[in-house]
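Data block below; observations after.
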Amino acid sequence: AVSTLLELTRNERFTPGYWKAAPDAYVRDAMVYTRLIEERHPQVHALLASACLVPEAYASKWFIGLCVHVLPFAALFDFVEAFLEEGYLFLFKFSIAIVAATSEHLLQYKSTDVNKILEVLRLDIGLYPDDYEGGAFFTRLVAEAKATKLEKEQVDTLRVEEGEKLAEKMRKTREREAQLAAEESDDEIVFSDEEDD
1 AVSTLLELTR NERFTPGYWK AAPDAYVRDA MVYTRLIEER HPQVHALLAS
51 ACLVPEAYAS KWFIGLCVHV LPFAALFDFV EAFLEEGYLF LFKFSIAIVA
101 ATSEHLLQYK STDVNKILEV LRLDIGLYPD DYEGGAFFTR LVAEAKATKL
151 EKEQVDTLRV EEGEKLAEKM RKTREREAQL AAEESDDEIV FSDEEDD
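Residue 34 in UniProt numbering sits at position 34 of the sequence shown, and the numbers go up by one each step.
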């Protein structure tokens, strides 16, 4: 079991960097997911953007949690098998399949219905219990993910592009933090009894 976990967290074929304290790899892949949804499901992308929903708020259940708390066992078994076979590419295919399967439901909401949108995207058990459609919904979802056409080269290109954007964003954040720290150190209050004579 330990060697399998190490393989998942270290092998580039899977999800290295997802379980770090600062999971830049996951954030990058969440950004890639956003690009894929913008391309394939523009109406859903527009809804999510207008609701100010970033995928980090909901996609961790699929990407980091590997659907352990999302799918009933039969579908989870198929999910894990496909993930082990295809690697990280399957996570993107699955996320596309979720949006495809729930887009009609999602598009009924307004951008102010943030909690309802999140319930759908997280496949909340209140909306999608394990026996939803007799369990066929989840089995079909994994099957549709397996059948989703997605080129590894496209995902790899998007990963590079989004990785560069994230690195630049982090660089600017560090610069701003340093600037604020410098300003804060300049704003120290000096009391009269602390002044040099």
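Here a beta-carbon is modelled for each residue, glycine too, at the ideal position from N, C-alpha and C. Since the model is a prediction, treat every value here as computed from it, not as a measurement.
Helix, strand or coil at residue i according to DSSP, with G and I counted as helix
i      : result
TYR109 : coil
Residue i burial status per 10 Å Cβ neighbour count (16 or more: buried)
i      : result
PHE73  : exposed
HIS41  : buried
ARG174 : exposed
LYS93  : buried
SER95  : buried
LEU47  : buried
PRO129 : exposed
VAL68  : exposed
ALA82  : buried
LEU180 : exposed
VAL70  : buried
ALA182 : exposed
THR157 : exposed
ALA136 : exposed
LEU141 : buried
MET31  : buried
ILE125 : exposed
GLU86  : buried
ALA178 : exposed
Nearest-angstrom beta carbon gap, residue j and residue i [assumed within contact, 8 Å]
i      : j      : result
LEU106 : VAL44  : 6 Å
THR102 : VAL120 : 5 Å
ARG35  : GLY163 : Wrong, their Cβ atoms sit about 12 Å apart, outside the cutoff.
ARG122 : TYR58  : 5 Å
ALA145 : PHE90  : 7 Å
PHE77  : TYR18  : At roughly 21 Å, the Cβ-Cβ gap does not stay under 8 Å, so PHE77 and TYR18 are not in contact.
PHE138 : TYR88  : Their Cβ separation, rounded to whole angstroms, is 21 Å, which puts PHE138 and TYR88 out of contact at 8 Å.
Ignoring anything shorter than 4 residues or poking outside the segment 106-175, list the alpha helix (DSSP H) runs there in chain order.
-> Taking 4 residues as the minimum length, the alpha helix (DSSP H) runs contained wholly in the segment 106-175 are 114-121 and 136-147, in order along the chain.
Counting only runs of 3+ residues fully inside the UniProt domain "Rab-GAP TBC" (1-87), write out the beta strand (DSSP E) ranges in chain order.
-> If only uninterrupted beta strand (DSSP E) runs of at least 3 residues are considered, none is enclosed by the UniProt domain "Rab-GAP TBC" (1-87).
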